[in-house]
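Residue numbers (my numbering): 299 to 624. Report on the following structure.
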């Protein structure tokens, strides 16, 4: 081959490779990005939400950018994350507000700039969002109260391990629980209620303190995963499982073992995988010109140890996280 023909062939090959590379870059650049901002990232609940969000992203061929604060009490970090996503012109955002008012301006700014944003898990004091996807938390509290009343045979003295002041989802659960006891079960007395501030260690501490302050307690209710773990640990350490009833909320491997061992008597559980999936889907639909429902509720289940053997419950409680997160 002459030198001229060789150079011509080399130039043609280079042009072809550059064309393929440019097309790939264009394809990557045109792929939509949806930011998902949970209240925190450590708890199993949020990991399941993450998996559901990724599943929806794969189905819709969009990139999911999962970023959240380390603690559920760090709303200032949430504000930074959402504002950064807005400034970076993320195509869409999905947010679980840590506090009902702190994130309002960030959410409204996204709406002003035409970035579709959906709320999940906890409500916020603005209507400037596409859709709100969550459990009916007030109803979940109602169901928890009725289950505990059933176990107590409608009378007794109880304590509550609350979550965090200002967190819409858990405040609604706690309100539904307290309202139902007051209205339907007047012989059940709430002797004490303390916040665990989304900390298992703090939940252990406040449960220990309430057990000490009220040695005649008949039962304890915890409104979220940290309280459920810490509360059960306090009951286990004091060897009170046979004397004290305990109803918790949410699920993890530790909570499952406590339920199997009889330390926890019943659980109210959500479907976090479905929450993450549906929340992302509402933003994808909005980007595609559709109008999702403003309010979408996901299922609630009340479980005892006997329910763990049911295939549909096993699937609910043990989503394939490795399939989506690794």
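Cβ atoms here follow ideal geometry from the backbone N, Cα and C, with glycine treated the same way.
- Out of 605, 523, 543, 425, the CA that lies nearest to the CA of residue 549 is found in 523.
- DSSP places residue 407 within a helical segment (H, G or I) once states are collapsed to three.
- Here residue 456 carries a strand assignment [DSSP, helix/strand/coil].
- Residue pairing of residue 596 in beta bridges, as defined by DSSP: 433.
- Going by C-alpha positions, residue 358 is about 24 Å away from residue 568.
- Bounds of the beta strand (DSSP E) holding residue 486 are 486-493.
- For residue 519, the closest of 559, 507, 566 by C-alpha to C-alpha distance is 566.
- Residue 475 is bridged by DSSP to nothing; it lacks a bridge partner.
- Rounded to the nearest whole angstrom, the C-alpha separation of residue 623 and residue 334 is 14 Å.
- Comparing C-alpha distances from residue 423 to each of 433, 409, 453, 466 shows the shortest one belongs to 466.
- The way I'd put it, the stretch 507-515 does touch the stretch 480-493; three or more beta-carbon pairs between them come closer than 8 Å.
- Secondary structure of residue 482 (DSSP, three-state): helix.
- In the three-state reduction of the DSSP assignment, residue 549 falls in the coil class, being assigned neither a helical nor a strand state.
- Sequence-distant partners of residue 507 (beyond 5 residues in either direction) whose C-beta falls short of 8 Å from its own C-beta, in its chain, are 492.
- Counting along the chain, the unbroken alpha helix (DSSP H) around residue 527 starts and ends at 523-535.
- Straight through space, the alpha carbons of residue 587 and residue 482 are spaced by roughly 46 Å.
- With three or more CB-CB distances shorter than 8 Å, the stretch 388-397 counts as touching the stretch 568-585.
- Shown here for residue 603: same chain residues with a beta carbon closer than 6 Å to its own, the five before and five after excluded, namely 557, 558 in chain order.
- Approximately 15 Å separates the beta-carbon atoms of residue 598 and residue 576; this is outside 8 Å, ruling out the contact.
- In this structure, residue 418 sits away from residue 611, with a CB-CB distance that is not shorter than 8 Å.
- With 16 or more other Cβ atoms inside 10 Å of its own Cβ, residue 531 counts as buried.
- Following the DSSP letters along the chain, one finds residue 375 inside the alpha helix (DSSP H) bounded by residues 373-385.
- In this structure, the CA atom of residue 352 is about 34 Å from the CA atom of residue 544.
- Take residue 536, set aside five residues on each side of it, and the residues of its chain with a beta-carbon closer than 7 Å to its own are 509, in chain order.
- DSSP places residue 361 in the uninterrupted beta strand (DSSP E) bounded by 361-364.
- The beta carbons of residue 415 and residue 393 sit about 6 Å from each other, so the pair counts as a contact at 8 Å.
- The Cβ atoms of residue 525 and residue 461 lie closer than 8 Å to each other.
- In the DSSP annotation of this structure, residue 350 is not part of any beta strand (DSSP E); the continuous alpha helix (DSSP H) holding it starts and ends at 342-358.
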